[in-house]
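Novice: I have a structure I would like to understand better, so I am pasting it below and will then ask my questions one at a time.
In the numbering used here, the protein residues as written are 27 to 223.
Right, here's the structure in full:
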């Protein structure tokens, strides 16, 4: 079943009919936090992967969350077409929820949705639901998946030049509803510091 709103929204098989609870409560995209909450509870985290301004980006994170350092090796960069290159890692204080950003170099002409679906399938993740659309000017494939170890992960895929970025917001299954709007705030607010060009 699909519904056309401002984005294409699709459900995985087995969704309830009329009167069913909104499955997108766990994949929210609007009415996430108020301007007052942003001022009081959030900070804008800024990253410049590999010291390259064209890769610089930022997103909102709760003030108390911790950005952890990432060490990249030449091997990461030599294999960036085979293995994701991690460029950001942010965790809740108790380390139960995580926001990660990575990229892979992809061939010219890569189709966003096809690549994202292949990534989900290849990594043995169970697709619960997805939507396509634009977040802060980025065309995205935004999915909620179940991962091994009873985790739920919001995976947002988007292209920038020759790179496919993957933003993952994860939490244990039982805690995911508690973190859904926080993870969504990071996902929806993500923006590159410089326009593509």
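We put the beta carbon where it would ideally sit given N, CA and C, even for glycine. Since this is a predicted model, take the numbers as computed values, not measurements.
Work out the CA separation of residue 178 and residue 169 for me, nearest whole Å.
Specialist: Cα to Cα, residue 169 sits roughly 10 Å from residue 178.
Novice: Which word fits residue 126, buried or exposed, when buried means at least 16 other C-beta atoms lie within 10 angstroms of its C-beta?
Specialist: Answer is buried; the Cβ neighbour count reaches 16.
Novice: How many whole angstroms separate the CB atoms of residue 119 and residue 90, which I take to be in contact at a CB cut-off of 8 Å?
Specialist: The pair is a contact, with the Cβ atoms about 5 Å apart (cut-off 8 Å).
Novice: Taking just the CA atoms, how far does residue 66 sit from residue 208?
Specialist: Rounded to the nearest angstrom, the two C-alpha atoms are 14 Å apart.
Novice: Out of 201, 123, 82 and 215, state which residue places its alpha-carbon closest to the alpha-carbon of residue 69.
Specialist: When only C-alpha atoms are compared, the closest one is 215.
Novice: In the structure shown, what three-state DSSP assignment does residue 108 receive?
Specialist: It is coil, neither helix nor strand.
Novice: Report the three-state DSSP secondary structure of residue 88 (helix, strand or coil).
Specialist: Here residue 88 sits in strand by DSSP.
Novice: For residue 228, I'd like the list of residues in its chain whose CB is within less than 7 Å of its CB, leaving aside the five on either flank, ordered along the chain.
Specialist: A question about residue 228 goes unanswered here, because the residues of the chain that appear run from 27 up to 223.
Novice: So residue 154 and residue 166 are in contact, right, with Cβ under 8 Å, and what is the actual spacing, rounded?
Specialist: That belief does not hold up - the Cβ atoms of residue 154 and residue 166 are roughly 17 Å apart, past 8 Å.
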